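In this text, residue positions in the sequence shown follow the UniProt record's numbering: the first is 1, and each later residue adds one.
Note that the Cβ used here is the ideal one computed from N, Cα and C, for glycine as well.
What you are looking at is a predicted structure, and each value in this text was computed from that prediction instead of being measured.
For reference, the structure discussed in these notes is given below.
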Amino acid sequence: MSSSAADIFAEPMIDTDHFLHVYNEQLVELQKNGMLPRLDAKLKYKVYSIRGRGFGAHKSIVLTTDDEHFVTVELGFIEIHGKKHIYPVTKSLRDEYARDKMEFLGEIEATGHDLICKAVEVMKQFGSYFKFYNNCQNFCNMYLEAIGLKGAQTVTDGDKAAIAGIIVVILLYLFTR
Numbered sequence: 001m002s003s004s005a006a007d008i009f010a011e012p013m014i015d016t017d018h019f020l021h022v023y024n025e026q027l028v029e030l031q032k033n034g035m036l037p038r039l040d041a042k043l044k045y046k047v048y049s050i051r052g053r054g055f056g057a058h059k060s061i062v063l064t065t066d067d068e069h070f071v072t073v074e075l076g077f078i079e080i081h082g083k084k085h086i087y088p089v090t091k092s093l094r095d096e097y098a099r100d101k102m103e104f105l106g107e108i109e110a111t112g113h114d115l116i117c118k119a120v121e122v123m124k125q126f127g128s129y130f131k132f133y134n135n136c137q138n139f140c141n142m143y144l145e146a147i148g149l150k151g152a153q154t155v156t157d158g159d160k161a162a163i164a165g166i167i168v169v170i171l172l173y174l175f176t177r
């Protein structure tokens, strides 16, 4: 259900509560295992990002209220009627090595319910996934804006490729005049 290097394209999220059953099960399991704080309480969350290496690498948002229990908010995939669709994923981040790679983005006050609803809303508005342009990095930026951390958004690999293309065109123009 989560992103992998083989995932190049996926259809938009299906906008029905029926298909959110798997996501709800993830949240219930995290709650049972003590990984989620009270979802109805307004709490202070530290917000991080974590990203793999290389162009088009998977990126997730990481949230914690206590610096001990970390959960991700990320773009994943689910197959429905033979088609791959984007889908919200939240899972526990237990890997200490991964925590060393996290980048602190800021703090917010919110309820867990609000953060979950915003992740689902962003996913519904996201559109089609394409690994090299509209990908998990874009999802993270949209989610950061939705939770009030627009200033923490980063340049995506698609943006970098577009900038590099513009620079190449400018250089070609300058050297062929």
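Under the DSSP assignment, Ile116 falls in the alpha helix (DSSP H) whose first and last residues are 112 to 126. A contact is defined here as three or more CB-CB pairs under 8 Å, and the stretch 63 to 70 meets this definition with respect to the stretch 34 to 41. In the structure shown, His85 falls within a strand segment according to DSSP collapsed to helix, strand and coil.
By the C-beta density criterion, Tyr97 is exposed, having fewer than 16 other C-beta atoms within 10 angstroms.
Membership of Lys59 in the beta strand (DSSP E) is indicated by the continuous run 59 to 64.
In chain order, Ala10, Ile86 place their CB closer than 6 Å to the CB of Tyr129, counting only its own chain and leaving out the 5 sequence neighbours on each side. Relative to Asn141, the option among Leu75, Arg94, Ile80 whose CA is nearest is Leu75. Excluding sequence positions up to five before and after Tyr23, its CB lies within less than 6 Å of the CB of Pro88, all in the same chain and listed in chain order. C-alpha of Pro12 to C-alpha of His18: approximately 15 Å in a straight line. In terms of CA proximity to Val120, Asp15 leads the group Ile8, Asp15, Asp7.
Residue pairing by DSSP puts Tyr45 in a beta bridge opposite Ile108. Ile116 is classed as buried because its beta carbon has at least 16 other beta carbons within 10 Å across all chains shown. For Phe19, there is no enclosing beta strand (DSSP E), as DSSP marks it with neither H nor E.
When DSSP states are grouped into helix, strand and coil, Glu68 belongs to the coil group.
Only residues of its own chain outside the window of five on either side were considered, and among them Leu39, Asp40 have a CB closer than 7 Å to the CB of His113, listed in chain order.
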